[in-house]
Amino acid sequence: MARVKPKRQGIHMDMTAMSDMAWLLLTFFILTTQFKKPDIVPVTTPSSVAETKIQDGDLIRITINNEGKYYFSIIDDKNKLPVLEKMGKKYGLTFTDAEKSSFLKLSEIPVPVRSLKQYLNLSDGQKQSTIPGIPMDSTDLQLIDWVDFSFEHDPNLKLAIKGDVNTQYPEFRDLIKQLVERDFNRFQLVTSSESKPK
Amino acid sequence: MAQILDNNGGNKGGKVRAKKQSTAVDMTPLADLGFLLITFFMFTTTFSKPNVMGLNMPPKDPNKELNQDTPEIDLSNSISIIIGGDNKLYWHQQDKTKLTADQLYETSYSKEGIRNDILAARQRAKTPDNFTVIIKPTDESTYENLVNVLDEMEITESSRYGIVDIAPSEVAVYEEKSGTSSNN
């Protein structure tokens, strides 16, 4: 009679619970991650020891790139359209629904308001190549108008300024000067993090 | 990948009892994959959020012209930092009209540079509680330079500081100084 050889049995652990937990956590992280909309202008922010994390919600942001061009972003989608409408009213522009939905997808407003309508109708590929910036000089303070209307819509907004490492100081100074002129005195400078030396 | 445990091994001879087939699937690869993805998402979420540095500017002053020529501040209680071009940094503790190139000291952004100068100046101050840092960026400086100096304010815990436009007399001294220092 053949003997039944005891089959070698490996140590078996029930992985079900572990995998359940892993996938649960994974679901959580996927749902909480907010994917960044692609940046229109590449900006390298300087690093600082500041420890406050940026609050995405009630935020508007002015970006200055290394060529000293200004861009404006409204971070919260719910604020975008009312501000666009106010801006359109001032400059005598109306936007179609298609243009509005295209506007919602923009992470940054990269063109003067008069060419915004045209810009919103461009295809995604063309959008990358046309980024003239928003004018901000003594004759045309559109950038400040954007800020003004955003605060008019929601006074609790915070104003962040994101500058490039190579932005020249006068560009920054002019911006601050114009903002202070309209009584915006509190800014948040966006920086990347760096550990605090002891 | 998942393997079903093979439990009906020895069926040569003897009574073959219909063994109940176990349906246990090996969950190890599933758990592996789950944790791998978790790690990925954790890293991408935590590091993508930039920091912010608060900056408050003084509100515009309607009486600015009147207040301009009243420097009641004791010179030892303040230090002026002039941010030059080419990542150069200077400081002085003089009145801006009486500044000469000898009294404008060059320093650097390094740990031993401006940080020590600020701390030393604070030690020398008559009333350290009122010690004020005046930041004067020149037109050649970059935004990064400014942020670095603001960062030093945070590190040296200087709570009183201000960003001020550089005076023409200081620009002249700065140009003289930076001109001479580049010749050396």
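If you're matching them up, the sequences are chains A and B in order. The opening residue of the first sequence carries number 0 in numbering that gives the first Met the number 0; numbering runs sequentially from there. The opening residue of the second sequence carries number 0 in numbering that gives the first Met the number 0; numbering runs sequentially from there. Ideal Cβ placement from N, Cα and C applies to all residues, glycine included. If you're wondering where the values come from, they're calculated on a predicted model, not measured in any experiment.
- Within a 10 Å sphere around the beta-carbon of residue 104(B) sit fewer than 16 other beta-carbons, which makes this residue exposed.
- The Cβ neighbour count for residue 17(B), taken over all protein chains shown within 10 Å, is under 16; the residue is labelled exposed.
- In its chain, beyond the 5 residues on either side, 100 and 103 have a beta carbon closer than 6 Å to the beta carbon of residue 176(B).
- It is roughly 16 Å from the alpha-carbon of residue 136(A) to the alpha-carbon of residue 147(A).
- Within the region 156-168 of chain A, the residues whose Cβ lies closer than 7 Å to some Cβ of chain B are 159, 162, 163, 164, 165, 166, 167 and 168, listed in chain order.
- With at least 16 other beta carbons inside 10 angstroms of its own, residue 60(A) counts as buried.
- Contact check between the region 74-91 of chain B and the region 104-117 of chain B: three or more CB pairs, one atom from each, fall below 8 Å, which counts as touching.
- Around the beta carbon of residue 51(A), fewer than 16 other beta carbons sit within 10 angstroms, so the residue counts as exposed.
- Of the candidates 26(B), 97(B), 149(B) and 57(B), the residue whose Cα lies closest to the Cα of residue 136(B) is 149(B).
- A distance below 9 Å separates the beta carbons of residue 191(A) and residue 49(B).
- Judged by beta-carbon spacing, residue 186(A) lies within the 9 Å limit of residue 53(B), meaning their Cβ atoms are closer than that value.
- Per DSSP, residue 94(A) lies in no alpha helix (DSSP H) and is assigned neither H nor E.
- Scanning its chain for C-beta atoms nearer than 8 Å, with the 5 sequence neighbours on each side dropped, one finds around residue 159(B) the residues 129, 130, 131 and 132, in chain order.
- The criterion of a C-beta distance shorter than 9 Å is satisfied by residue 66(A) and residue 132(A).
- Within 7 Å of the CB of residue 36(B), the CB atoms of chain A belong to 25, in sequence order along the chain.
- Per the coordinates, the alpha-carbon of residue 121(A) lies some 30 Å from the alpha-carbon of residue 157(A).
- Secondary structure at residue 171(B): helix, using DSSP grouped into helix, strand and coil.
- Of 111(A), 176(A) and 172(A), the smallest CA-CA separation from residue 134(A) is found for 111(A).
- If the five residues before and after residue 78(B) are omitted, its C-beta is found closer than 6 Å to the C-beta atoms of 90, 92, 120 and 132, all from its own chain and listed in chain order.
- For residue 148(B), there is no enclosing beta strand (DSSP E); the residue is found in the alpha helix (DSSP H) stretching over 142-154.
- Under the 9 Å criterion on CB atoms, residue 23(B) is classed as interfacial with respect to chain A.
- Rounded to whole angstroms, the separation of the alpha carbons of residue 108(A) and residue 72(A) is 6 Å.
- Rounded to the nearest angstrom, the Cβ distance from residue 29(A) to residue 106(A) is 21 Å, too far for a contact under 8 Å.
- Ranked by how close their Cα comes to the Cα of residue 170(A), the residues 130(A), 117(A), 64(A) and 86(A) have 64(A) in first place.
- In the DSSP annotation of this structure, the continuous segment of the beta strand (DSSP E) that includes residue 187(A) starts and ends at 185-192.
- Residue 107(A) carries a coil assignment under DSSP once its states are collapsed to helix, strand and coil.
- In terms of beta-carbon proximity, residue 170(A) lines the interface with chain B, with at least one pair separated by less than 9 Å.
- Ranked by how close their Cα comes to the Cα of residue 116(B), the residues 81(B), 29(B) and 39(B) have 81(B) in first place.
- Chain A places no beta carbon closer than 9 Å to that of residue 167(B), leaving this residue out of the contacts.
- Here the alpha carbon of residue 42(A) sits roughly 50 Å from the alpha carbon of residue 12(A).
- Taking 8 Å as the upper bound on Cβ-Cβ separation, chain A lies near residues 150, 153 and 154 of the region 150-161 of chain B.
- The C-alpha of residue 138(B) lies about 22 Å from the C-alpha of residue 184(A).
- At a C-beta separation below 9 Å, residue 175(A) has these neighbours in chain B: 54, 56 and 162.
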